[in-house]
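For the record, in the sequence shown the residue sitting at position 62 is 62 according to our numbering, with numbers rising by one throughout.
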Amino acid sequence: MAQQATKAVILARGLGTRMRREDASAELDEATARVAATGVKAMIPIDRPFLDYVLSALADAGYRQVCLIVAPDHDVLRRYYTEEVSLTRLSIDFAVQQEPKGTADAVAAAAAFAGNDPFIVINSDNYYPQEALRALREADGPATALFGQEAMLTGSNIAAERIKAFAVGLIDAEGYLERIVEKPDEQTLATLPRPLWLSMNCWRFGPAIFEACAKIEPSPRGELELPSAVEYAMKHLGER
């Protein structure tokens with residue numbers, strides 16, 4: 001039986017460019033406007049910073065150590081979790097992604113934190129079901145949580161157009177991931193087998209992912225993307 005994961009890596013760097021642009025139609029209270037100006041989406045307040053809820057869900061699911069991947073200038077996030085609040089169920093480390101080179105580069109920044117232990121990777125601005133987080137913690141090796149498109153269209157608060165643009169995971173007859181189709185257009189979506197399983201960047205990895213992150217080339221968008229590293233690990237490193 002594989003070792004249960006108790007470490008979580010949260011991708012909190014981002015660019016935040018959409019948040020920083022002024023929108024005359026958006027009405028923000030002072031606290032929200034102040035956070036939006038920093039571009040740190042995870043700190044947008046919903047009574048508390050959104051990231052607090054993400055961390056609470058991780059603790060409820062059995063995780064005990066968290067590494068936040070941040071930009072060099074993310075002082076607001078560091079200050080909040082080192083000076084303004086005291087966490088009792090989780091320890092928090094920080095790793096800096098110097099430049100926004102993509103999600104694979106962000107994960108690579110957590111190598112020292114992860115060591116040889118299994119760990120999960122999630123986004124800082126998505127709230128994941130505890131069932132998914134717990135299933136990844138208990139998985140028998142590398143894994144990903146995928147979410148049904150129809151369920152998300154009917155049961156989530158995410159705009160339908162955004163959902164339709166999510167990456168799609170293709171699964172073989174044994175339940176293993178074959179590949180990830182990034183940002184599929186409608187023509188591509190029409191050719192994919194049903195039901196559609198969407199990726200929300202919710203993964204469990206072992207140390208092999210760091211070798212994969214170091215081996216891949218930038219995508220056509222110029223980024224080192226985590227799905228590319230996953231495909232490399234499956235093809236060249238024997239990961240399933």
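Built from N, CA and C at the ideal position, the CB exists for glycine as well.
>> For G203 and V230, what's the separation of their Cα atoms in angstroms?
In response: In the sequence shown, residue 203 corresponds to position 203, counting from 1. In the sequence shown, residue 230 corresponds to position 230, counting from 1. Contrary to the premise, residue 203 reads as Trp rather than Gly in this sequence. W203 and V230: Cα-Cα distance of roughly 10 angstroms.
>> Just to confirm before moving on: does the CB-CB distance between F166 and L198 stay below 7 angstroms?
In response: Counted from its first residue, the sequence shown places residue 166 at position 166. Counted from its first residue, the sequence shown places residue 198 at position 198. Contact flag set, yes.
>> Please report the straight-line C-alpha distance between A244 and Y80, rounded to a whole angstrom.
In response: Residue 244 is absent from the structure shown; the chain starts at 1 and stops at 240.
>> Tell me the rounded alpha-carbon separation between G222 and K101.
In response: Within the sequence shown, residue 222 is the residue found at index 222, counting from 1. Within the sequence shown, residue 101 is the residue found at index 101, counting from 1. Their Cα atoms are separated by approximately 8 angstroms.
> To which residues of the same chain is I163 closer than 8 angstroms at the C-beta, ignoring the five residues directly before and after it?
Replying inline: What you label residue 163 is simply residue 163 of the sequence shown in a count that begins at 1. Cβ within range, chain order: Q149, M152, L153, S156 and L198.
>> Is the beta carbon of I10 closer than 7 angstroms to that of I122?
In response: Here the question's residue 122 lines up with position 122 in the sequence shown. Here the question's residue 10 lines up with position 10 in the sequence shown. Cβ atoms of I122 and I10: closer than 7 angstroms.
> Who are the Cβ neighbours of R21 in its own chain at under 7 angstroms, not counting the five residues just before and after it?
Replying inline: As a working note, residue 21 is residue 21 in the sequence shown. No answer about R21 holds up, because its pLDDT of 48 lies below 50 and its placement is not dependable.
>> Report the start-end ranges of each beta strand (DSSP E) in the region 41-74 that is 3 residues or longer and not cut off at the edges.
In response: 65-70
> Cα separation between A109 and L68?
Replying inline: Stepping through the sequence shown from its first residue, residue 109 is reached at position 109. Stepping through the sequence shown from its first residue, residue 68 is reached at position 68. Here the C-alpha atom of A109 lies approximately 10 angstroms from the C-alpha atom of L68.
>> Restricting to Cα atoms, I'd like to know which of I44, K41 and E131 is closest to Y63.
In response: Taking the first residue of the sequence shown as 1, we reach residue 63 at position 63. Looking at the Cα atoms, E131 is the closest of the given residues.
> To the nearest whole angstrom, what separates the beta carbons of P218 and L224, a pair I think is in contact under 8 angstroms?
Replying inline: Here residue 218 refers to the residue found at position 218 when the sequence shown is read from its first residue. Here residue 224 refers to the residue found at position 224 when the sequence shown is read from its first residue. With a Cβ gap of about 6 angstroms, P218 and L224 count as contacting.
> Which residue from F119, Q187, A104 and Q65 puts its Cα closest to that of A212?
Replying inline: Here residue 212 is taken as the residue at index 212 of the sequence shown, counted from 1. Cα-wise, what sits closest to A212 is A104.
>> Taking the alpha carbon of L177 as the reference point, which residue from A160, D185 and L196 has its own alpha carbon closest?
In response: Locating residue 177 in the sequence shown gives position 177, where the first residue counts as 1. If we check each option's Cα against that of L177, L196 comes out closest.
>> Extract the residue ranges of the alpha helix (DSSP H) inside the region 85-120, only unbroken runs of 4 or more that lie entirely within it.
In response: 103-108 and 111-114
> By a C-beta neighbour count over all protein chains shown, 10 Å radius and 16 as the cutoff for buried, is R137 buried or exposed?
Replying inline: Locating residue 137 in the sequence shown gives position 137, counting from the first residue. Under this definition R137 is a buried residue.
> Under a three-way DSSP split, which group does G155 fall into?
Replying inline: Here the question's residue 155 lines up with position 155 in the sequence shown. Helix at G155.
> Going straight from the alpha carbon of P45 to that of L51, what length do you get?
Replying inline: Start at 1 with the first residue of the sequence shown, and residue 45 comes out as number 45. Start at 1 with the first residue of the sequence shown, and residue 51 comes out as number 51. Distance between the alpha carbons of P45 and L51: 9 angstroms.
> For the putative contact between E239 and A214, defined by C-beta atoms under 8 angstroms, what is the C-beta separation to the nearest angstrom?
Replying inline: In the sequence shown, residue 239 corresponds to position 239, counting from 1. In the sequence shown, residue 214 corresponds to position 214, counting from 1. Approximately 15 angstroms separates the beta-carbon atoms of E239 and A214; this is outside 8 angstroms, ruling out the contact.
> Does DSSP classify K183 as helix, strand or coil?
Replying inline: Residue 183 sits at position 183 when you count from the first residue of the sequence shown. Three-state DSSP puts K183 in coil, outside helix and strand.
>> Taking the alpha carbon of P118 as the reference point, which residue from H236, Y232, A5 and D140 has its own alpha carbon closest?
In response: Stepping through the sequence shown from its first residue, residue 118 is reached at position 118. The candidate whose alpha carbon is nearest that of P118 is A5.
> By DSSP, does A143 sit in helix, in strand, or in coil?
Replying inline: To locate residue 143, count along the sequence shown from 1; it is residue 143. In this structure, DSSP gives A143 an extended state, which the three-state scheme calls strand.
> In this structure, does DSSP put Y127 in helix, strand or coil?
Replying inline: The residue you call residue 127 lines up with position 127 of the sequence shown. Here Y127 carries a coil assignment [DSSP, helix/strand/coil].
> In the structure shown, what three-state DSSP assignment does S228 receive?
Replying inline: Residue numbering aside, residue 228 sits at position 228 when the sequence shown is read from its first letter. Helix.
>> Classify S91: buried if its beta carbon has 16 or more other beta carbons within 10 angstroms, exposed otherwise.
In response: Start at 1 with the first residue of the sequence shown, and residue 91 comes out as number 91. Answer is exposed; the Cβ neighbour count stays below 16.
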